[in-house]
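Chains as they are written, first to last, in the UniProt record's numbering: chain A, 1 to 225; chain B, 1 to 225.
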DNA sequence: GTCTATACTAGGATAGAC
DNA sequence: GTCTATCCTAGTATAGAC
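Here you go:
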């Protein structure tokens, strides 16, 4: 008999972010409600992914955080992998889009060094502030299973190429010291930014302080005037 | 029914460096061979840990790489956790020891900036070249289970404090720009170094190039002369 | 010390009720 | 859309032979 007998309540609700006013009559019989659940699911996955890593990300934990039962996930995604993949893809994309967008905003003749500073600042802000998806993507990029890696990889390459171009031109241009390996420099900088979610919290310092420090470091590459 | 009486083992597992007895007599009877296996095990664990992350690290994979069968691991360690814990602890320690040692080597009056450069270079070399344990420790620090974190955390704090001291004194001293948050700067730099195993391979560039680039970045913090 | 065989459990996934 | 029940594989760990 499988008597339930225990009736576990799963109402833990450690959720504080109750932004969306969801207590409506019936949120509508088409699409909308499902779409919200989908978003909750993605966001929950991003958080767990960041905390626990790829392999440590359990559907049960995701479900708990998204406030539904694990099997419900399969209504939205075909598999754990499909869900995770979308999170990572989004994270990758939103960083790239955000930075490209900021760069595009700069006036025509902006010096390369200034463009680089802009990219540094914006990447950092995405990572620390704007997108938990990006954080999740970064943290887990290295341990994704081979299959998933392929598609993501190409986006990743593009983004890297964008940076690389900026650095190479800046060096060719004399704005960056001729004696540094720009590839190493670029990867070190991006690394510094990517690692920041590991230590930064609002309690450590203001985001603007991090930005300022990152820009200071970047200026170490500048040709001495 | 059949519920077997709770026979839980509570091996406390504070594995601390089993007395490295290293008997030298002959290699097969006692001691030595086991010690070698133990080292293979640790090294294999470090590699898998770096590649797959904490949760993705399976005893089966470790065993395979160390060329034995999974259950044999239990002859050396009480649990998967105990094994992983030793790897992480070692990684943490060897970074700290290596850097402290290099710093101690510097002549008495060495300027703080020079000490910082030294720390940057040595930390980078440990991470890229000298210790796969350190890489494993760094990559997984963030996703270790709560229990394991405690002990490791304190070592980690010490190491961070060592760096922080250097930076604060350098700033108080006027060697580092007064307008940067040294905590942020320090964490960004260490982050850049810590992230490097993620992208660096001998094919990307020479380690010395990475070191040079890291030092160039560091110089961005220097007060303008 | 290291193996084979096996007990046990967690967690991904499916079926089908509501 | 979301749930409960359940299947099934993979992975930790133990027993005990060699």
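We put the beta carbon where it would ideally sit given N, CA and C, even for glycine.
Just so you know, these numbers come straight off a predicted model, no measurement behind them.
For chain A, is any of its Cβ atoms less than 8 Å away from the one on residue 232(B)? Residue 232(B) is absent from the structure shown; chain B starts at 1 and stops at 225.
Residue ranges of each alpha helix (DSSP H) within the segment 61 to 124 of chain B, 4 or longer: 73 to 76 and 80 to 105
query = Name the DSSP bridge partner or partners of residue 222(B)?
reply = 176(B)
query: In chain B, which residues lie less than 7 Å from residue 55(A) when you measure between Cβ atoms?
result: 52, 53, 55 and 56
For residue 183(B), return the contacting residues in chain A, with the cut-off set at a CB-CB distance below 7 Å.
204 and 205
*Does the beta-carbon distance from residue 118(B) to residue 103(B) come in below 8 Å?*
yes
Review point. Hey, would you say residue 175(A) sits closer than 8 Å to residue 113(A), going by beta carbons?
Key: yes
Is it true that the segment 143 to 151 of chain B meets the segment 189 to 208 of chain B, where meeting means three or more beta-carbon pairs spaced less than 8 Å apart? no
Next on the checklist: So the candidates are 45(B), 151(B) and 167(B); which of them puts its Cα closest to the Cα of residue 77(B)?
Outcome noted: 45(B)
Candidates 184(B), 101(B), 96(B) and 49(B): closest to residue 266(B) by CA position: What is shown of chain B runs 1 to 225, which leaves residue 266(B) out entirely.
**Q.** Nearest-angstrom Cα separation, counted from residue 64(A) out to residue 111(B)
**A.** 53 Å
* What's the C-alpha gap between residue 167(B) and residue 183(B)? -> 8 Å
Q: Determine the DSSP secondary structure at residue 144(A), reduced to helix, strand or coil.
A: coil
**Asked** Do you know how far the Cα of residue 143(A) is from the Cα of residue 54(B)?
**Response** 10 Å
Alpha carbons only, please: which of 140(A), 92(A) and 151(A) is nearest the one belonging to residue 123(A)? 92(A)
To the nearest angstrom, how far is the alpha carbon of residue 88(A) from that of residue 47(B)?
24 Å
| said: For chain B, check one thing: does any of its Cβ atoms lie closer than 8 Å to the Cβ of residue 195(A)? | reply: yes
Since residue 41(A) is in the alpha helix (DSSP H), which residue starts that stretch and which ends it? 32 to 56
Cβ closer than 8 Å: which chain A residues qualify as neighbours of residue 143(B)?
51, 52, 53 and 56
- With DSSP collapsed to three states, give me the class of residue 153(B). helix
**Item:** Inter-residue Cα distance where the pair is residue 163(B) and residue 186(B)
**Value:** 7 Å
Exercise for the section: Give a yes or no on whether the minimum CB-CB distance between residue 217(A) and chain B is below 8 Å. Expected result: yes
**Request:** Alpha carbon to alpha carbon, how far is residue 35(B) from residue 219(B)? Give it in angstroms, no decimals.
**Result:** 44 Å
Query - Alpha-carbon spacing of residue 80(A) relative to residue 132(A), whole angstroms - result: 18 Å
Under 8 Å by beta carbon: chain B residues contacting residue 163(A):
None at all; the shortest Cβ gap to chain B is about 12 Å.
Is residue 212(B) closer than 8 Å to residue 181(A) when the C-beta atoms are compared? yes
- Message: Under 7 Å, CB to CB, which of the residues in the segment 61 to 90 of chain B have a partner in chain A?
- Response: none
**Study point:** Proximity test, Cβ basis, 8 Å: residue 136(B) and chain A
**Key:** no
- Within 8 Å of chain A by C-beta, residues of the segment 98 to 125 of chain B in sequence order: none
Buried or exposed: which applies to residue 171(A), given that a residue is buried once 16 or more other Cβ atoms fall within 10 Å of its Cβ?
buried
Worksheet entry | Which of helix, strand or coil DSSP assigns to residue 202(A) | coil
*Name, please, each residue of chain A whose Cβ falls closer than 7 Å to the Cβ of residue 39(B).*
The contacting residues do not exist; residue 39(B) stays about 25 Å from chain A at best.
For residue 33(B), count the other beta carbons within 10 Å of its own beta carbon; 16 or more makes it buried, fewer makes it exposed. Which is it? exposed
| query | Cβ of residue 34(B) less than 8 Å from any chain A Cβ? | reply | no
In the DSSP assignment, find the unbroken alpha helix (DSSP H) run with residue 187(B) in it and report its ends.
182 to 195
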